[in-house]
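Visitor: Protein chains in written order, with the working numbering: chain R, 136 to 248; chain H, 79 to 191. Pasting a structure here, questions to come.
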Amino acid sequence: RKEVEQDPGPFNVPEGATVAFNCTYSNSASQSFFWYRQDCRKEPKLLMSVYSSGNEDGRFTAQLNRASQYISLLIRDSKLSDSATYLCVVNPPLTGSARQLTFGSGTQLTVLP
Amino acid sequence: NAGVTQTPKFRVLKTGQSMTLLCAQDMNHEYMYWYRQDPGMGLRLIHYSVGEGTTAKGEVPDGYNVSRLKKQNFLLGLESAAPSQTSVYFCASRLSGGSETQYFGPGTRLLVL
């Protein structure tokens with residue numbers, strides 16, 4: 136089983152739609168959780184951290200369910216510029232000060248005009 | 079600030095050739111990482127460094143060596159390239175302390191024939 140699993144998509148949605156991505160992680164002792172965004176042929180960039188209480192940043196909402204080992208990302212009112220690959224990222228335990236991250240393989244989103 | 083830079087951007091090698099990928103950061107970050115990204119696999123950690131003069135193995139270190147002689151530079155070496163090392167290589171850096179955000183370079187695309 137992969138440490139971090141995501142539905143690869145692709146998700147093709149019209150502008151203005153709401154879309155949700157899910158991610159599961161295998162290590163129940165994982166400490167920190169993130170969503171990174173990666174544009175085509177570019178480097179990953181942090182989109183948002185995911186907190187136990189859930190958090191929102193504009194049109195983006197992230198949720199964490201520790202009991203189910205499940206992370207979600209909701210994008211409301213999708214824009215063409217949201218088209219990208221969204222990477223679910225987990226900081227598993229026992230990585231010490233180096234804080235090594237484990238990346239999912241990504242979910243591809245295309246927002247259509 | 080340039081952030082994280084990588085050279086070269088693209089390289090074609092023949093099997094058995096050697097090369098060095100250079101990563102440089104001007105953010106005074108302690109931690110630096112080398113990843114490779116392959117289709118459907120997500121980013122996998124090759125080697126990392128928690129400070130000048132220190133390096134450690136990641137998830138997929140075989141066939142690679144690294145050096146961190148200066149704080150701002152992290153070099154990734156391929157002594158004898160193999161077609162299986164065809165990939166996109168990303169370097170990342172991070173501050174020590176509380177923030178876990180990793181900042182990525184633009185990537186190096188390597189093709190081994």
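We put the beta carbon where it would ideally sit given N, CA and C, even for glycine.
1) Ordered along the chain, which non-local residues of its own chain (more than five positions away) have a Cβ less than 6 Å from that of serine 184 (chain R)?
2) Determine, using beta carbons only, whether phenylalanine 182 (chain H) and glutamate 178 (chain R) come nearer to each other than 9 Å.
3) Please list, in chain order, the chain H residues whose beta carbon lies closer than 7 Å to that of phenylalanine 238 (chain R).
4) Would you verify that the beta carbon of proline 86 (chain H) is, or is not, closer than 9 Å to some beta carbon of chain R?
5) Where proline 145 (chain R) and leucine 247 (chain R) are concerned, what is the direct C-alpha to C-alpha distance, given to the nearest angstrom?
6) I'd like the span of the beta strand (DSSP E) that includes histidine 125 (chain H), first residue to last.
7) Between which residues of its own chain and glutamate 130 (chain H) is the CB-CB distance below 7 Å, once the five residues before and five after are set aside?
8) If I follow the unbroken beta strand (DSSP E) through methionine 105 (chain H), where does it start and stop?
9) Using CA atoms only, rank isn't needed, just tell me which of R:Pro227, R:Gln141, R:Gly151 is closest to isoleucine 210 (chain R).
Guide: The structure says:
1) Phe169
2) yes
3) Gly120, Leu121
4) no
5) 12 Å
6) 120-129
7) Arg146, Lys148, Lys149
8) Note, methionine 105 (chain H): premise wrong, no beta strand (DSSP E); not H, not E.
9) R:Gly151
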